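Asks: Handing you this structure, nothing more for now.
Chains as they are written, first to last, in the working numbering: chain R, 131 to 597; chain S, 131 to 597.
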């Protein structure tokens with residue numbers, strides 16, 4: 131019979147039971163204690179090692195829990211069969227990442243950047259402090275899978291007053307972003323649905339369709355928005371559109387096309403419009419463009435929006451308004467799903483909205499962005515006719531077209547050399563088109579002063595002079 | 131020529147330009163102003179209505195933006211063709227939801243509930259206050275799509291010390307929960323993958339596979355965990371397992387099966403193990419069970435865990451550790467995706483962990499849950515042999531089996547009548563089995579006092595007396 135050799139060290143940090151566990155475990159994985167061998171009883175081993183029976187019990191208990199030995203009632207403890215792969219405890223230290231160095235970009239014209247200087251930190255902190263409180267214990271638990279009702283009520287109220295969206299709080303689903311909500315919509319629309327997307331359009335949406343194994347038919351966008359006639363002639367049953375401010379061209383869908391689009395959806399079975407109203411809050415000329423959802427009489431519009439532009443991209447709170455027919459399907463399909471949005475954040479936002487801070491923040495930001503936009507266009511005007519711009523009625527970017535005969539690639543490289551990052555319109559198209567190059571010029575994240583500098587530097591880099 | 135009749139009201143709240151816009155718009159949609167009709171020039175209309183030209187410009191601008199009229203340079207403004215569907219502004223008030231009334235449940239044995247009384251609100255508030263600060267402006271913008279490095283470093287450090295998980299912060303992907311991370315894993319594993327799931331198992335995972343159009347093969351779980359031999363004989367290439375504390379049976383995967391499982395995955399191409407370590411923090415007897423990921427030598431384990439049990443379910447922060455081979459695929463596939471987790475929350479958690487509060491919280495909670503568990507088992511013991519229990523070494527629930535000959539349905543109904551909600555083990559199986567009924571008895575969300583009361587009430591309702 132094999133010997134169980136154990137030497138305990140009383141002066142090291144490891145508890146005795148763990149030393150015993152460890153030595154037996156290693157002996158089993160090394161094959162020193164063969165399969166089927168009977169271990170000494172707890173009493174015997176305790177006496178032999180001069181430790182309490184409780185210590186042995188803990189060690190054997192751990193070995194049993196991990197399956198190295200088994201206990202057969204009224205018989206004893208036996209070594210179990212394990213396969214060859216020994217358990218190796220990692221000995222390396224955790225490798226730490228080095229944070230990547232920033233590249234030498236002075237001005238980034240990204241259309242996704244927002245103004246961070248004017249965020250109402252004080253109010254947000256106040257509501258965060260209020261919400262993270264002993265009295266909010268129940269907010270630690272999971273809430274409504276569609277989003278907490280307090281937030282959905284505020285969103286419904288806001289949508290009704292600001293966007294003419296007609297819905298109950300129950301129709302609203304709160305989620306972590308367009309890319310999280312879209313797959314859920316795609317699932318409830320079923321495998322029979324065929325999607326139409328705007329071309330040029332929002333690349334993330336294209337990827338979402340691709341990742342969910344759905345074909346998406348690109349439909350041309352002109353200066354009235356998506357070409358509804360082409361849509362009608364296509365096999366699409368669902369149209370994904372940005373009617374208030376087409377991304378990226380900045381076009382507003384014309385009234386004629388709006389009604390044509392709504393008629394297309396409402397007159398056919400299982401036809402729907404997904405209205406992505408991503409930055410509708412920021413319109414600088416006249417009244418906001420009313421939502422398609424508000425015009426709809428046929429329960430045909432899925433309305434989608436986000437707080438990314440209006441508050442902060444990193445908040446990760448978006449929402450959609452489902453027509454009643456789809457709401458039922460949604461409830462059936464996602465009965466086991468929890469909301470992906472942290473509840474404390476939902477309640478901070480709900481209180482922030484309820485007290486009117488959201489409307490005030492929007493009014494303030496609208497003025498700030500309008501001033502930035504004016505600076506941008508006023509800086510560009512003297513460079514005409516070499517450059518022209520469009521899409522300057524809303525949002526946080528405009529389209530600048532260059533008429534110097536140079537290619538998009540040449541212009542982008544020239545800009546990068548002077549530390550300016552540009553976003554070519556062609557990268558938002560399914561197939562690039564030849565012709566005069568256009569760029570998305572995002573101004574949200576740049577200060578008024580930087581905008582002037584960046585544009586003047588850019589024109590110098592491109593060899594364009596004021597006329 | 132048709133007349134344009136406008137009557138402005140100077141004493142109402144609506145701006146003049148909006149009144150003009152509104153009247154013209156309604157006249158167009160009502161057909162009073164026919165398609166092609168030329169509108170008066172801005173100057174003429176301004177003089178006629180005795181308002182400034184700027185006011186008319188704003189009104190016409192809005193009508194142009196919405197496509198009701200068009201402007202032809204050097205000619206004038208013309209009514210555009212729109213289809214019949216008139217734009218109707220919603221007139222109903224926003225309907226408010228009534229918050230659903232609570233049903234009359236006094237004690238809920240849900241396995242998903244946690245102890246909310248001991249949450250460290252003070253510390254969490256302190257870090258929230260620190261993070262929501264002017265100096266954190268850049269945290270408003272989108273961060274690393276895989277999660278901010280500060281948090282991933284803390285998670286890597288924690289996993290290494292507490293779970294023996296051997297990874298770099300770069301291998302960690304932070305997400306909003308298992309149900310958000312799993313579809314991403316499913317996509318990078320491709321359509322060739324076939325999944326094995328534990329039976330009984332976690333219902334949400336089954337739904338995730340179903341929603342992503344992946345077949346999942348149920349594999350029987352016995353008192354050593356998942357039956358690896360059945361797995362080997364199946365066509366599965368991916369095994370989804372809960373080895374440290376099988377959900378819902380509470381079994382620990384035996385050492386022999388651990389090595390067999392790792393050998394199964396590492397010896398075959400494109401075979402992987404998804405190790406869901408959902409509540410491994412709470413083990414009450416001996417050392418924690420080491421993770422499969424730490425034992426693995428073959429880059430075969432996808433490690434998945436969450437802060438839902440250890441901090442709060444509503445925080446919605448989970449994470450996974452990808453083997454390097456899958457990390458590359460992940461980066462390629464999800465290049466356009468942003469993280470779904472709010473950045474402020476990521477940084478609150480990272481600071482909370484860095485200062486040691488997370489470890490302290492876990493130690494405290496382990497003691498609290500252990501005491502609750504002891505109360506639960508001590509209350510149950512006198513009712514033997516009519517009831518027995520298992521799975522009492524870890525986690526926040528145990529399995530109670532009833533030996534009175536009554537059915538699961540009868541027992542559940544009897545419990546509900548006295549205000550006790552129960553979760554039958556059969557509902558976690560792919561096909562219910564006959565035989566003595568078992569229940570998941572979650573104790574995390576109940577106070578020590580409630581546990582005693584609830585169990586005694588339950589036994590009374592079931593007609594079981596102490597022996």
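Where is the CB? At the ideal position from N, CA and C, for every residue including glycine. The structure displayed is predicted, hence computed values, not measured ones.
Taking Cβ positions, are residue 209 of chain S and residue 275 of chain S nearer each other than 8 Å?
Replies: no
Asks: Would you mind sorting residue 567 of chain S into buried or exposed? The rule is 16 or more other CB atoms within 10 Å of its CB.
Replies: buried
Asks: So, using beta-carbon positions, are residue 288 of chain S and residue 296 of chain S closer together than 8 Å?
Replies: With a cutoff of 8 Å on beta-carbon distance, residue 288 of chain S and residue 296 of chain S are scored as not near each other.
Asks: Residues of chain R with CB under 7 Å from residue 341 of chain S, in chain order?
Replies: 317
Asks: Measuring only the C-alpha atoms, how far is residue 172 of chain R from residue 162 of chain R?
Replies: 20 Å
Asks: Below 7 Å between beta carbons is the criterion; list the residues of the region 250-261 of chain S that meet it against any residue of chain R, in chain order.
Replies: 251, 254, 255, 258, 259
Asks: So, with DSSP's three-state summary, where would you put residue 412 of chain R?
Replies: coil
Asks: Sort out for me which residues DSSP pairs residue 303 of chain S with in a bridge.
Replies: S:450
Asks: If you measure between the beta carbons of residue 410 of chain S and residue 374 of chain S, is that distance less than 8 Å?
Replies: yes
Asks: Using a Cβ-Cβ distance cut-off of 8 Å, determine whether residue 435 of chain R contacts chain S.
Replies: no
Asks: Give the secondary structure of residue 199 of chain S by DSSP, where H, G and I count as helix, E and B as strand, and everything else as coil.
Replies: If DSSP states are grouped into helix, strand and coil, residue 199 of chain S belongs with the strands.
Asks: Starting from residue 333 of chain S, trace the beta strand (DSSP E) both ways and give me its first and last residue.
Replies: According to the DSSP assignment, residue 333 of chain S belongs to no beta strand (DSSP E) but to the alpha helix (DSSP H) extending over 333-341.
Asks: Going by DSSP, which residues form a beta bridge with residue 645 of chain S?
Replies: Examination of residue 645 of chain S is not possible in this model, given that chain S is present from 131 through 597 alone.
Asks: Answer yes or no: do residue 327 of chain R and residue 337 of chain R have a C-beta to C-beta separation smaller than 8 Å?
Replies: No, they are not a contact pair.
Asks: So the alpha helix (DSSP H) residue 178 of chain S belongs to, where does it begin and stop?
Replies: 172-179
Asks: For residue 294 of chain S, count neighbouring C-beta atoms within 10 Å of its own C-beta (all shown protein chains included) and say buried if the count is 16 or more, exposed if not.
Replies: buried
Asks: Please work out which residues of its chain come closer than 8 Å, Cβ to Cβ, to residue 234 of chain S, disregarding the five sequence neighbours upstream and downstream, and give them in chain order.
Replies: 549
Asks: Hey, how far is the Cα of residue 266 of chain S from the Cα of residue 152 of chain S?
Replies: 44 Å
Asks: Would residue 559 of chain S count as contacting chain R if we go by Cβ distances under 8 Å?
Replies: Residue 559 of chain S has a beta carbon lying at 8 Å or more from every beta carbon in chain R.
Asks: Distance check for residue 592 of chain R and residue 551 of chain R, CA to CA, integer angstroms please.
Replies: The straight-line gap separating the alpha-carbon atoms of residue 551 of chain R and residue 592 of chain R is approximately 14 Å.
Asks: Using a beta-carbon distance cut-off of less than 7 Å, what residues from the region 279-307 of chain R approach chain S?
Replies: 279, 283, 286, 287, 290, 294, 296, 298, 299, 300, 306, 307
Asks: Have a look at residue 268 of chain R and residue 443 of chain S and give me their C-alpha separation to the nearest angstrom.
Replies: About 11 Å.
Asks: Tell me, please, whether the CB atom of residue 442 of chain S is closer than 8 Å to any CB atom in chain R?
Replies: Chain R contact via Cβ: present.
Asks: Using 10 angstroms around the beta-carbon of residue 398 of chain R, count the other beta-carbons present and answer buried if the total reaches 16, otherwise exposed.
Replies: Exposed.
Asks: Buried or exposed, going by whether 16 or more other CB atoms sit within 10 Å of the CB of residue 180 of chain S?
Replies: exposed
Asks: Can you have a look at residue 341 of chain S and say buried or exposed, based on whether 16 or more other CB atoms are within 10 angstroms of its CB?
Replies: buried
Asks: List the residues of chain S that residue 538 of chain R touches, going by C-beta distances under 8 Å, in chain order.
Replies: Under the 8 Å cutoff, chain S gives no residues; its nearest Cβ is about 20 Å from residue 538 of chain R.
Asks: The region 507-527 of chain S: which residues have C-beta closer than 7 Å to a C-beta of chain R, in chain order?
Replies: 523
Asks: Quick check: residue 392 of chain R and residue 422 of chain R, are their CB atoms within less than 8 Å of each other?
Replies: yes
Asks: What residue range is occupied by the uninterrupted alpha helix (DSSP H) comprising residue 464 of chain R?
Replies: That residue, residue 464 of chain R, is in no alpha helix (DSSP H); it is neither H nor E in DSSP.
Asks: Taking buried to mean at least 16 other C-beta atoms within 10 Å of its own C-beta, is residue 278 of chain S buried or exposed?
Replies: buried
Asks: Taking a Cβ distance cut-off of 7 Å, strictly less, list which residues of the region 180-201 of chain S are near chain R, in chain order.
Replies: Flagged, chain order: 188, 191, 192, 195, 196, 197, 198.
Asks: Any C-beta of chain R within less than 8 Å: which residues of the region 470-493 of chain S qualify?
Replies: 470, 471, 472, 473, 474, 475
Asks: Taking residue 301 of chain S as the reference, which of S:318, S:309, S:317, S:283 has the closest Cα?
Replies: Checked all of S:318, S:309, S:317, S:283; the closest Cα to residue 301 of chain S is S:283.
Asks: How many whole angstroms separate the CB atoms of residue 430 of chain S and residue 401 of chain S, which I take to be in contact at a CB cut-off of 8 Å?
Replies: Confirmed, about 7 Å.
Asks: Report all residues from its chain with a CB closer than 6 Å to the CB of residue 347 of chain R; omit the five preceding and five following residues, and keep chain order.
Replies: 326, 364, 366
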